[in-house]
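Peer 1:
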């Protein structure tokens, strides 16, 4: 951004923009219209969350009687807060651990030559194409025998080993200048120190990207936590919320309220990491 | 390097230690998987159970019912990690028996055989052995809007389906539907058809699990089901539980609902403003001289996996909620599900009038006058897919009801080899 | 390598240095690979072996050779699932990537206002969990009274039964899927666009190129690697489509939204034919790998 301000052509671009305000307005209007289409279901869910339970099928968009009944029920009758904390905790741990695993491994793939490198790399890439559910049943048996069911560890580890993550990290780490690494080695820097204090800071933008990939994968995961968790207190948000959609008695109001509340932390996280995310994808993918 | 590694190792070790500590408890802890209304019923009797069995502690998990089936299946497939007791959809139970992972309960349950309706008992019995404990039965009744019926001079209760169709035609002139048919059907709508099949003893499989050949009765029933929607045009068509269905109920465009007593819960929730306007009557008969029988939609069974570490405690709990008149009546109180254990049917609670039904007791006025027929479920997961698809083709005008049934029969025979 | 040589020369025991140096990449890969092996590779290999058995759970599995694979080949329902998935994948991948790219170009342009608000707005659906999205869209698609049909009715357009008509249902799934994924891919493309140095575009513009020419001849070719990434990723997810049709239509009506993963799920999780399900998953894996290779050849060709 600062580069652009100093760019001598900037003033001319500004002039060009000013000379076509009509196109700008029309374009913006078009985008806002598109946004309106995308947002309509969300807004409708938000409005429904403020309806009373029996008004949800009443057929009008605007709530007849504004009510926080759904929110109160959600917070008092279910373990919503606990599920939210579980999901956030698990997603943050997966992300942190995944960033460590993937950056360390991606750096090794990018900057070291060793026997078996190509083979290992292709094993990782090929694993992306394995459909879901394939791993669930064999794993469940092993984890159950190890007594690891119903633990956070089981929800964290599989997401930390993210194949896309190590691939993107490798792409990005290839751009780290060799001279910098050599200089570090001459200064007597140990290899892990080199990774930790030289490479990792340079990978920061990619950490944002991979971080969001892992976070969203963990946050939206459904079948895995469903199968692996056993007690109500250990459920994650999507699984817990699904229990509100019973056989004959879907709690539509509470479901809508849950959608409103559960989107908030993700939006905040997105805001916080946005700049890194964008910068990371940029360089990581283009290399 | 070492500091980071050590930190991670420490975290991993402490996590494992926590798990280990949790596993080592003095009391026998059993887990029970169920959903919403059943969880409420279980919670209501849990304290009493733990008082009677001070060495046992029950942990109850509330899950989405369909998720629960899948989760249970994974545990069955893996042979470990299941709950001690789980509530399983009756129609799926046969598949679980065939995995060989269910605990046999013949010794404990066979003395109680006479105390359950045959329709419920048959689903837990195979080759003379029993598995699990019966839980509830869901005999169907006919719910209707008494105010709309009165305005149109419709006499109730109906004796036969002919009366029902005649009344439906009166209402349809006013743009009101007398019932609902799950169209498109898919898997979720098959249970709707089964209500009708079961109520006139039109079996898909015989008692030994063989597909009934040239099944005229079933073919006729599918035709009847189709006619309700398409020929007489007296049934509102939608997917099962679709939003447009509830909206139509609220708008007063649907004046009847041919389902089990769980309907009351649903109606109360979606349309509280119609309180006092609804009534229930017995399921119509298939002819003036036909037996007074009904079908079911739903129904559940308590399953105990062989892999349970506390089989005795698990069985105790399953019998406590499935073979005990005092606790069984709770599932009626919490979700209007009729208990399977017949001694529970003598309870006063069943005679209680419902204000939503203008003071009527569903059991007294709509359920008691009918006997629930048995229905044979075999390989139901596959059967449901086949039947649901053919019903869709029928409602999509690709096949006549007769063609659809013949194709169902053909596919069942070739794919299930039964 | 000069630095390493120098280090080696300084070291008192050169072979130990070399050995340690050789070990380092493996140590660095170890945390990832141990986890990866335990949670991904192990079970993947195990289920590959199961795909040659009649495994049905606790009962012992028998080796059945390639019987499962033959059964897949002979099941018309699998081919129907494959056809649906391919159709869906083609439409979805094209629409999604074109829309996301257009959106990203708009977000990257100089003329657009309210950029931050728009970005958040388009990203919002990504954060809504599946069950909730399903409930919302059941009501959006509801026949007659749904939001979509109310709008179409007001505009005087035909109002199809979005989830009930076999011809239309797959489009409902595509709409929901694109709604859930658009923001995610738009952000990916937007990030790619931000990476293109602005002086390249400026130079072209100063040379008298029209904005669309800049986009077509400069921006898009430079963006190709990101597009390849987006297309391959969305194709994999398209071929593994399960969540949306499962929660909305269960594969119906009349199998019109049956996908390969629904087929796989029914075999594994409902019929408990685990060996067969494992075989289906390997057939799907094979198809995904083929699709990815084809795409890489098509899009990435000039780049090599």
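Residue numbers (the numbering used here), protein chains in the order written: chain C, 1 to 287; chain H, 1 to 418; chain S, 1 to 304.
Think of the CB as a built atom: it goes at the ideal place given N, C-alpha and C, for glycine as much as any other residue.
When the cut-off is 9 Å and only beta carbons count, does residue 139/C lie next to chain S?
Peer 2: Position 139 of the first chain, counted from the start, is the residue given in the question as residue 139/C. It does: the Cβ of residue 139/C has a partner Cβ on chain S nearer than 9 Å.
Peer 1: Return the residues of the segment 116-145 of chain H that lie within a Cβ-Cβ distance of less than 9 Å from chain D, sorted by chain order.
Peer 2: No chain D is present in this structure, whose protein chains are C, H and S.
Peer 1: Run through DSSP, which three-state label would residue 146/S get?
Peer 2: Within the third chain, the letter at position 146 stands for residue 146/S. It is coil, neither helix nor strand.
Peer 1: Under the DSSP definition of a beta bridge, which residues are partnered with residue 236/H?
Peer 2: The residue given as residue 236/H occupies position 236 in the second chain. Looking at the DSSP assignment, residue 236/H forms a beta bridge with 180/H.
Peer 1: Which class does residue 411/H belong to by DSSP, given the choice of helix, strand or coil?
Peer 2: The residue you call residue 411/H lines up with position 411 of the second chain. Looking at residue 411/H - three-state DSSP - the assignment turns out to be helix.
Peer 1: Using a 10 Å radius around the Cβ and a threshold of 16 neighbouring Cβ atoms, would you call residue 68/C buried or exposed?
Peer 2: Counting from one through the first chain, the residue named residue 68/C turns up at place 68. Classification of residue 68/C: exposed, given that the 10 Å Cβ count is below 16.
Peer 1: Please say whether residue 210/C and residue 103/C have beta carbons closer to each other than 9 Å?
Peer 2: Counting from 1 along the first chain, the entry for residue 103/C is found at position 103. Counting from 1 along the first chain, the entry for residue 210/C is found at position 210. Yes, they are a contact pair.
Peer 1: At the level of alpha carbons, what is the spacing between residue 30/S and residue 235/S?
Peer 2: Taking the third chain and counting its residues from 1, one reaches residue 30/S at position 30. Taking the third chain and counting its residues from 1, one reaches residue 235/S at position 235. Roughly 30 Å separates the two Cα atoms.
Peer 1: Considering just the uninterrupted stretch of the beta strand (DSSP E) at residue 199/H, what are its terminal residues?
Peer 2: As a position in the second chain, residue 199/H is number 199, starting the count at 1. No beta strand (DSSP E) holds residue 199/H; the alpha helix (DSSP H) holding it covers 186-199.
Peer 1: Would you list the one or two residues that DSSP bridges to residue 33/H?
Peer 2: Indexing the second chain from 1 puts residue 33/H at position 33. Beta-bridge pairing links residue 33/H to 61/H, 86/H.
Peer 1: Does chain S have any CB closer than 9 Å to the CB of residue 93/C?
Peer 2: By 1-based counting over the first chain, the position of residue 93/C is 93. So no, residue 93/C is outside the interface.
Peer 1: So, are the CB atoms of residue 103/S and residue 189/S less than 9 Å apart?
Peer 2: Working through the third chain from its first residue, we reach residue 103/S at position 103. Working through the third chain from its first residue, we reach residue 189/S at position 189. Cβ atoms of residue 103/S and residue 189/S: closer than 9 Å.
Peer 1: Is there a Cβ from chain C that is less than 9 Å from the Cβ of residue 26/S?
Peer 2: Within the third chain, numbered from 1, the residue matching residue 26/S stands at position 26. Yes, residue 26/S lies at the interface with chain C (some Cβ there is under 9 Å from its Cβ).
Peer 1: Tell me which residues of the segment 260-287 of chain S have at least one Cβ-Cβ distance to chain H shorter than 8 Å, keeping chain order.
Peer 2: Correct list: 266, 269, 270, 271, 272, 274.
Peer 1: Quick check: the Cα distance between residue 275/S and residue 138/C, rounded to an integer number of angstroms?
Peer 2: The count along the third chain starts at 1 and reaches residue 275/S at position 275. The count along the first chain starts at 1 and reaches residue 138/C at position 138. Rounded to whole angstroms, residue 275/S to residue 138/C spans 11 Å at the Cα level.
Peer 1: Residues of chain H with CB closer than 7 Å to the CB of residue 144/C, please, in chain order.
Peer 2: By 1-based counting over the first chain, the position of residue 144/C is 144. By Cβ distance, chain H contributes 78, 80, 81.
Peer 1: Thinking residue 235/C and residue 83/C are a contact (beta carbons under 8 Å), I'd like their distance in whole angstroms, please.
Peer 2: On the first chain, residue 235/C is found 235 positions in, with the first residue counted as 1. On the first chain, residue 83/C is found 83 positions in, with the first residue counted as 1. Confirmed, about 5 Å.
Peer 1: Could you give the DSSP three-state label for residue 392/H: helix, strand or coil?
Peer 2: As a working note, residue 392/H is residue 392 in the second chain. Three-state result, residue 392/H: helix.
Peer 1: Counting only beta-carbon separations shorter than 9 Å, does residue 235/H have a partner in chain S?
Peer 2: Your numbering for residue 235/H matches position 235 in the second chain. Judged by the 9 Å Cβ criterion, residue 235/H is not in contact with chain S.
Peer 1: Under the rule that 16 or more other beta-carbon atoms within 10 Å means buried, what is residue 355/H, buried or exposed?
Peer 2: One-based indexing of the second chain puts residue 355/H at position 355. By the 10 Å Cβ count, residue 355/H comes out exposed.
Peer 1: Suppose you measure from the CA of residue 344/H to the CA of residue 327/H; what does that come to, to the nearest Å?
Peer 2: Taking the first residue of the second chain as position 1, residue 344/H is located at position 344. Taking the first residue of the second chain as position 1, residue 327/H is located at position 327. Looking at the two C-alpha atoms, the distance is approximately 8 Å.
Peer 1: Measure from the C-beta of residue 120/C to each C-beta in chain S and report whether the shortest distance is under 9 Å.
Peer 2: Here residue 120/C refers to the residue found at position 120 of the first chain. Yes, residue 120/C counts as interfacial toward chain S.
Peer 1: Nearest chain S C-beta to residue 200/C closer than 9 Å, yes or no?
Peer 2: As a position in the first chain, residue 200/C is number 200, starting the count at 1. No - not a single Cβ of chain S is within 9 Å of the one on residue 200/C.
Peer 1: In the DSSP assignment, find the alpha helix (DSSP H) that holds residue 267/H and state where it starts and stops.
Peer 2: Residue numbering aside, residue 267/H sits at position 267 when the second chain is read from its first letter. Counting along the chain, the alpha helix (DSSP H) containing residue 267/H begins and ends at 263-270.
Peer 1: Output yes or no for whether 9 Å exceeds the beta carbon distance between residue 89/H and residue 388/H.
Peer 2: Position 89 of the second chain, counted from the first residue, corresponds to residue 89/H. Position 388 of the second chain, counted from the first residue, corresponds to residue 388/H. No; because the gap between Cβ atoms is not below 9 Å, this pair is not in contact.
Peer 1: Please check if any C-beta of chain H sits within less than 9 Å of the C-beta of residue 255/S.
Peer 2: Sequence index remark: in the third chain, residue 255/S carries index 255 (1-based). At least one chain H Cβ lies under 9 Å of residue 255/S.
Peer 1: Any idea what DSSP makes of residue 210/S, helix, strand or coil?
Peer 2: As a first step, residue 210/S is located in the third chain; it is residue number 210 there, counting from the start. Three-state result, residue 210/S: coil.
Peer 1: Going along the segment 260-273 of chain C in order, which residues come within less than 8 Å of chain S, judged by CB to CB distance?
Peer 2: Taking 8 Å as the Cβ-Cβ cut-off against chain S, the residues of the segment 260-273 of chain C that qualify are 262, 263, 266, 267, 270, 271.
Peer 1: Are residue 50/H and residue 31/H touching if we call contact CB-CB under 9 Å?
Peer 2: As a first step, residue 50/H is located in the second chain; it is residue number 50 there, counting from the start. As a first step, residue 31/H is located in the second chain; it is residue number 31 there, counting from the start. Going by C-beta atoms, residue 50/H is not nearer than 9 Å to residue 31/H.
Peer 1: Could you list which residues in chain S have their beta carbon closer than 7 Å to that of residue 239/H, in chain order?
Peer 2: Translated into positions along the second chain, residue 239/H becomes position 239. Under the 7 Å cutoff, chain S gives 163, 164.
Peer 1: How do the segment 165-173 of chain S and the segment 196-211 of chain S stand: do at least 3 beta-carbon pairs fall below 8 Å, yes or no?
Peer 2: No, the segment 165-173 of chain S does not touch the segment 196-211 of chain S.
Peer 1: Counting only C-beta atoms, is residue 329/S closer than 9 Å to chain C at any point?
Peer 2: Given a span of 1 to 304 for chain S in the structure shown, any question on residue 329/S remains unanswerable.
Peer 1: Do residue 338/H and residue 69/H come within 9 Å of each other at the CB atom, strictly closer than that value?
Peer 2: Taking the first residue of the second chain as position 1, residue 69/H is located at position 69. Taking the first residue of the second chain as position 1, residue 338/H is located at position 338. Contact: no.
Peer 1: Identify, in the order they occur along the chain, each residue of the same chain with its Cβ nearer than 8 Å to the Cβ of residue 121/C, setting aside the five sequence neighbours on each side.
Peer 2: The residue given as residue 121/C occupies position 121 in the first chain. Taken in chain order, the residues that qualify are 109, 170.
Peer 1: Of all the CB atoms in chain S, is at least one closer than 9 Å to the CB of residue 388/H?
Peer 2: Position 388 of the second chain, counted from the start, is the residue given in the question as residue 388/H. Judged by the 9 Å Cβ criterion, residue 388/H is in contact with chain S.
Peer 1: So what does DSSP say about residue 21/H, is it helix, strand or coil?
Peer 2: Taking the first residue of the second chain as 1, we reach residue 21/H at position 21. With a pLDDT of 48 at residue 21/H, under the threshold of 50, the predicted position of this residue should be treated as unreliable, and no value is reported.
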